Amino acid sequence: MSTHHPLLEKLTAVLMNEADAATQAEIKLALENDPSLAAEEQRLRATIALVQSELGDVQSLAPHRVEDLLSSAATLSDARSEVLTSPHSWGALMRSAAAVVLLSGGVWGALQYADQGHVVISDEQAHDERIASIARANLMGQLAFRQANPRVASGNPDDQWVRGYQSLADQERQSQQAYDRPLTGDSGMAGEVYETEELEGAVEFKVAESAGPQSLGISTTTLSGQLPGDKYGGRLGSRKNLSKPGGKLGTANVPGGGGGGGGGAYRGPGDSNPPLPGAALAVPPVTQGADLKRSYSLGATKGKKGSSPAQKGSRLEALGYGGGAPGSMSSDPSPANLGLANSPEEMELEEIVRDSKLETGAHDFFLSRDVEDAQLESQDSDNLAMGDEPVRPPRVPIHIKPIQDTVDQRYQDARHNCLVGPNDHLPNLYQQWWGDNPWELTMADSQATFGADVDTASYGAARNKLMKSQLPGRAGIRTEEFVNYFRPDLVAPTNDALALSVEMAPSFSRDGKDRWLLRVGVRAQEIQAWERDPLALVLVVDVSGSMKQHDRMGLVKRAVERMLDNLDSRDTVAIVTFNGEATEILSPTSVGERDAILAATEAFSPGGGTDAAKGLQLGYKVAAEGAAPGVISRVVLLSDGLANTGQTDQVKILESVREHLNRGVHLNTLGVGIEGHNDTFLEQLADGGDGLCDFVDDDRAIQRALGERFAGAFIPVADDVKIQVEFNGRQVVRWRQLGYENRAIADAAFRDDAVDAGEVGAGHQVTALFEIELDRGLVYDGTSLATARLRWKDPKVGGQDNSLRRATERSLDIMANDALAHPGSTSPGYQRAAVTAQFAEFLRRSVHARGDSVPALLAAAEELLRAPEFVQDEDTLELVDLIRRATDLGLEEAQLSNAVQAATDDLREIEHVCRQLDSLPGRMNTGDRNRLGAARRQAQERLRQAIAEDEAEAREATGWSHNGILVVQGPEPVRKR
Amino acid sequence: MEALTTASLLERWRDGDTDAFAALIQRFEEPLLRHVRVLLGPRGSCEDVVQETFLRLAKKPPAPHPDANQDPSAGHGALAAWLHRVARNLCTDEMRSTSRREQREQAVAPDEAVSGGQSSVDGADTKAAVRRGMDQLPSDQREVLVLRLLDGHSYQEIAEITGLKTGTIGWLLSTGLAALSQILAPMLGNSQPNNMPLGDVQ
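In order, the protein sequence lines correspond to chains A and B. Position 14, counted from 1, in the first sequence is what my numbering calls 14; the numbers after and before it change by one each time, with no gaps. Count along the second sequence starting at 1, add 1000, and that's the number in my numbering.
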């Protein structure tokens, strides 16, 4: 029953009293003669009655909202006019509204209000209200600070847009040249493209869009247009740009010139399929569309095949496709149309566009990482494409939109990416926007719960870059890995596996606020060589072809040697090698036979493929055979990287790693000689195997990873180590955690021992830092500021059931007495952690570091070297050196952003603050609301302004006029007709 | 105050009479809430939007309709259209989140036909069933249905609110109504003829 009566619309109009006389008469007649229409009328009437009776219930605003409105109105009317009606005529509602106005002092006067508040409301409420108003004042103050300290930097246009236009211009020029060059040789395939003069009648353009990996639903949309005989001047593109957002990879494709948009494929009548770089619809840099594939099929062409295209080449201007212009990638992203499109299909499309946009905001933190990946991928595909035969592209001139349209669209998109949806999870949004943990209001969330992390790879990678005089990319910086890089400074416990300690002092003063930096330290027991359990190691060594390079085999051999130095005759070592196949070249051998083991390493002869799965499989088999109670069993994977392992293989490998872990076999991974230390799969493997991932590229790194940190890497003392810090909302207004962004655990899962968390080895130290804002400064009333809790399980043991292990929990209250009045009185380890964390935040371009001073950081770092502990410490010396290098490389300038990004960030901050304020108990008063509204409007205006300037500059820089026409230097090439 | 025309209330509020403003809230909160709810779904921040709408009315009330003195309904219609337009724009700002859309779809998910048939639905559940039926319609149809059936706006007024043409509104309304009548068929009694396919009649 999906079909409708042809008179349905008119019938409805009659039922709705909207029909004219003629229609009424028509329907009246039809109703008499057509029983089916009469039945339809009955059903419609019944439906209308049902809807009206069931849904017509009374709805009204909550009383407090009405009060709020009326108080705003009263204020406004006071301000606007002196013509006020007499107070006596006010209704009861108005009187209560007036009371509200009197009671709720502005945010600015929050503190004063608090003192009066006790009179009318209970202490409990008063306190909550007070804290809420302090939180409000904080948030508003934060905004005010930001507005007073704009973070706009250079006037250079956004690089991405310049690159986008550049690439379009290149494409246009290439296309022009190719078009003008006579075609030599037999190139019949392309010939068909030029058959356009032969086209008659309807030409159907089929835009087939494959959504790539993120299959997004709609797969095909057909645009058809009637193109007159030989003119083809119609603007198909103007109908609707059905560009398919392909996820986050968009930016990568732009620099590829002709390859933009993933390469267009042209399908002529003969179904030949040459690439069509000229029409490859370079997707604008910021937009999506990496996996965009389009094929234009000229379905109704009747022309002859094989006639010379160069002579007949009409211009396929019909493809002056708006999709080529930056900012015009979506059908119509203007919020005014969202969800309210005219047809369900369009609506669905728009939702897809909108969704993809959500993931790919122009300035989203995680975009940068994806772009790096995507660039690598696109390089790969470039290489592949080089083998293809060159085919001459057809002439397809590229038009881009007039500047005002693009500015409007960019502004709409940008504004869109700043909005906070009603159901957005604020911390997630914050992470997505800035990659940082947000300031949490203690009222809303009082607990931070996270798993211990002892990785340090991020620091090593950043050091590598800095030593090469480059600032490292922001995405690779993990604050916790920086802080945990250094040698332990806390006292190791002797009667427990782990010990908890806290230290607190005023934070590096930011925004002139009363902020404190809390350090929660976890230190693992030291285990001396003589008291540890025997180790059974299985080394799984990559001997694929790539290991020949850069003395990687030499590094492996020296790493094995260094390992042996820390082992003794109780321990055994076995060696498995793999390339395309896996071989056990040394069965478990006592370390007493050191020479035999070293001799085995001499036999490595690299060559062939990289089948890590096989290697690990055999390694685990050997380990399982040697498993015995009281023996620590570990597989150690040494490789120059498994980044190229396929996704399915990765999943399989990880599964098998976890399975073996349950039988007590851990996995460590050692990346050997990898440029940039950027193999996330090696890290994931080690995470999955409850082991450590290290990267070594010189003897010093080997010494560090397998010498100093040997016990930590190979002797576990605690498993599933979780840390929870709960702040007392009566003292701490808000807090934020530095780092551990991807180690967060649900607060409720802290005591759930089934929830997996990090493993900690002997002698390790884990440091977590929190910045907190206090309500009234330190209060020495015996209540705690916060409680730190630590929970762990005994480590897994080989050869026995690991499902039931003892869990231990320790906790520590942090009192005002624990806080030190001056940062200078803290321990050197605390100071170094603070400096390191701030360094990491600068490198991350963290939103929290904005407004902070790099020179001040450098000064604080240099101050560290005055401590007797650090004066000779090479790690600390190196840290100071790295900070100095980063400063010289423009670390401070890197904090600033271009005008568009700064304006976007400002707007986002305002939207974010608005939502946070909404979540507080009590009400926002009119003054604040107005202030916020004004701030939002100003920020929006600044954003539009910044975009307009940026767009103009980007166009100017690349030769596009405001009207979207490429201004060609020199004489216009002669076109062949 | 209730007896006053909308236009005169607006006039008074423009002169600073907060009682008039309170009366305007009372007069329009219900249709606005209904309109906003249909756009944002049951879990949206509907009250926020309506509150904000009234706040805009407070800050910058629109100019009165020129014919308002002669034609009270024109004055009412003009302000109604203005308020609904503001609310609608605020809604579109709110409607961008993926999670929102997913929740709306989840809310729609229980299919009447599958979940045990509506003939067994008792009175208490009728409202919910009708609501779910509405939720299954595309949002543009839903919006037009609510504006017409529940708030009694004319096609012309709906056109002013939504920016659609009246023809489109007629189409949306008839399509939506027909779809709804089929979704709710089990609740409508046996008023339909025996299996006569409507589409076959020509």
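Virtual Cβ for every residue (Gly too), placed ideally from N, Cα, C. Quantities reported herein were computed from a predicted structural model and do not represent experimental measurements.
Practice item. Compare the C-beta of T1018 (chain B) with all C-beta atoms of chain A and state if any pair is closer than 8 Å. Key: Chain A has a Cβ within less than 8 Å of the Cβ of T1018 (chain B).
Exercise for review: Give the C-beta separation of S639 (chain A) and G671 (chain A) to the nearest angstrom, bearing in mind that I take them to be a contact with Cβ-Cβ under 8 Å.
Suggested key: Between G671 (chain A) and S639 (chain A) the Cβ distance is about 7 Å, and since that is below 8 Å, they are a contact.
- Do you know whose CA, among A:L774, A:R844, A:W792 and A:P828, lies nearest M815 (chain A)'s CA? It is A:L774 whose Cα lies nearest to the Cα of M815 (chain A).
query = Any beta-carbon of chain A closer than 8 Å to the one on S993 (chain B)?
reply = Residue coverage of chain B in this structure runs from 1001 to 1202, which leaves residue 993 (chain B) outside it and unanswerable.
Please confirm if Q938 (chain A) has its CB atom under 8 Å from at least one CB of chain B. At a cut-off of 8 Å between C-beta atoms, Q938 (chain A) does not count as an interface residue with respect to chain B.
*Which residues in the same chain have their Cβ closer than 6 Å to the Cβ of L1024 (chain B), if we skip the five residues on either side of it in sequence?*
Cβ contact annotation for L1024 (chain B) (same chain, cutoff 6 Å, sequence separation greater than five): L1009, in chain order.
Original post:
Going along the chain, which residues of the region 54-73 of chain A sit with their C-beta nearer than 9 Å to a C-beta in chain B?
Top reply: Correct list: E54, L55, G56, D57, V58, Q59, S60, L61, A62, R65, V66, D68, L69, L70, S72 and A73.
Interface residues of chain A facing R1034 (chain B) [CB-CB closer than 7 Å] = Correct list: Q59.
- [ ] Taking V556 (chain A) as the reference, give the member of A:Q525, A:R594 and A:L598 with the closest Cα.
- [x] Answer by Cα proximity: A:L598.
Nonlocal neighbours in the same chain, by C-beta distance under 6 Å from R1100 (chain B), ignoring five residues either side = Because R1100 (chain B) carries a pLDDT of 47, less than 50, the predicted location of this residue cannot be relied on, and no value is offered for it.
So which residues of chain D does L31 (chain A) contact, with C-beta pairs closer than 8 Å?
Protein chains in the displayed structure are A and B, and chain D is not among them.
>> By the three-class DSSP mapping on this structure, what secondary structure does H912 (chain A) have?
In response: Here H912 (chain A) sits in helix by DSSP.
**OP:** Establish whether the CB of I979 (chain A) and some CB of chain B are separated by less than 8 Å.
**Re:** Residue 979 (chain A) falls outside the range modelled here, since chain A spans only 1 to 977, and no answer is possible.
I need the straight-line Cα distance from L1149 (chain B) to D1019 (chain B), nearest angstrom please.
Taking the straight line joining both Cα atoms gives about 30 Å.
In angstroms with no decimal places, state the Cα-to-Cα distance between T904 (chain A) and D445 (chain A). Going by the C-alpha atoms only, they are around 27 Å apart.
Q | Outcome for G829 (chain A) when other beta-carbon atoms lying within 10 angstroms are tallied against a minimum of 16 | A | Buried, by the Cβ-count rule.
- Task: Say whether the region 470-482 of chain A touches the region 535-552 of chain A, bearing in mind that this needs 3 or more beta-carbon pairs closer than 8 Å, one atom from each stretch.
- Result: Cβ pair count under 8 Å is below three, so no.
### Message
I need the boundaries of the beta strand (DSSP E) containing D719 (chain A), first residue and last residue.
### Response
DSSP places D719 (chain A) inside the beta strand (DSSP E), whose first and last residues are P716 to F727.
Buried versus exposed, by CB contacts within 10 Å (16 or more), R523 (chain A): In this structure R523 (chain A) is buried. Its beta-carbon is surrounded by 16 or more other beta-carbon atoms within 10 angstroms.
Mind checking whether V636 (chain A) and N662 (chain A) have CB atoms under 8 Å apart? For V636 (chain A) and N662 (chain A), no; Cβs fall outside 8 Å.
Exposure of N437 (chain A), with buried meaning 16 or more beta-carbon neighbours within 10 Å: Here N437 (chain A) is buried. Its C-beta has 16 or more other C-beta atoms within 10 Å.
| message | Counting only C-beta atoms, is I1025 (chain B) closer than 8 Å to chain A at any point? | response | For I1025 (chain B), the closest Cβ of chain A is nearer than 8 Å.
**Request:** Classify L769 (chain A) as helix, strand or coil using the three-state DSSP reduction.
**Result:** In the three-state reduction of the DSSP assignment, L769 (chain A) falls in the strand class, which pools E and B.
What are the start and end residues of each continuous beta strand (DSSP E) run of 3 or more residues lying completely inside the region 444-531 of chain A, in chain order?
Entirely contained in the region 444-531 of chain A, the beta strand (DSSP E) runs reaching 3 residues are, in chain order, 447-451, 498-506 and 515-524.
Starting from the beta carbon of L907 (chain A), find every residue of chain B whose beta carbon is closer than 9 Å, and list them in chain order.
-> Result: empty, since nearest Cβ-Cβ is about 13 Å, beyond 9 Å.
Practice task
Using alpha carbons as the reference points, say which of A:L567, A:T75 and A:A612 lies closest to I715 (chain A).
Solution key: Among A:L567, A:T75 and A:A612, the Cα nearest to that of I715 (chain A) is on A:L567.
Exercise. Counting along the chain, where does the alpha helix (DSSP H) carrying R1056 (chain B) start and finish?
Worked result: Boundaries of the alpha helix (DSSP H) around R1056 (chain B): C1046 to K1059.
Determine, using beta carbons only, whether L426 (chain A) comes closer than 8 Å to chain B. Not closer than 8 Å to any Cβ of chain B, the Cβ of L426 (chain A) fails to qualify, so no.
**Item:** Other residues of its chain near G608 (chain A): CB distance less than 7 Å, five sequence neighbours each side excluded
**Value:** These residues qualify, in order along the chain: S544, G545, N579 and G580.
Excluding the five sequence neighbours on either side, which residues of its own chain have a C-beta within less than 6 Å of the C-beta of R1212 (chain B), listed in chain order? Coverage of chain B is limited to positions 1001 through 1202, which leaves residue 1212 (chain B) absent and any answer about it impossible.
I'd like to know if G1077 (chain B) contacts chain A, where contact means its C-beta is closer than 8 Å to some C-beta of that chain. Closer than 8 Å: no.
Could you check what DSSP says for K1212 (chain B) in three-state terms: helix, strand or coil? Residue numbering for chain B in the displayed model covers 1001 to 1202; residue 1212 (chain B) lies beyond these limits and cannot be assessed.
C418 (chain A) by DSSP, collapsed to three states: which one? Coil at C418 (chain A), not helix or strand.
Checklist line | With 16 other Cβ atoms within 10 Å as the buried cut-off, status of N17 (chain A) | finding: Flag for N17 (chain A) reads exposed.
Practice prompt. Say whether chain B places a C-beta atom closer than 8 Å to the C-beta of M94 (chain A).
Written response: Model confidence at M94 (chain A) stands at a pLDDT of 39, short of 50, so the residue's coordinates are unreliable and nothing is read from them.
Is I745 (chain A) helix, strand or coil by DSSP? The answer is coil: DSSP assigns I745 (chain A) none of H, G, I, E or B.
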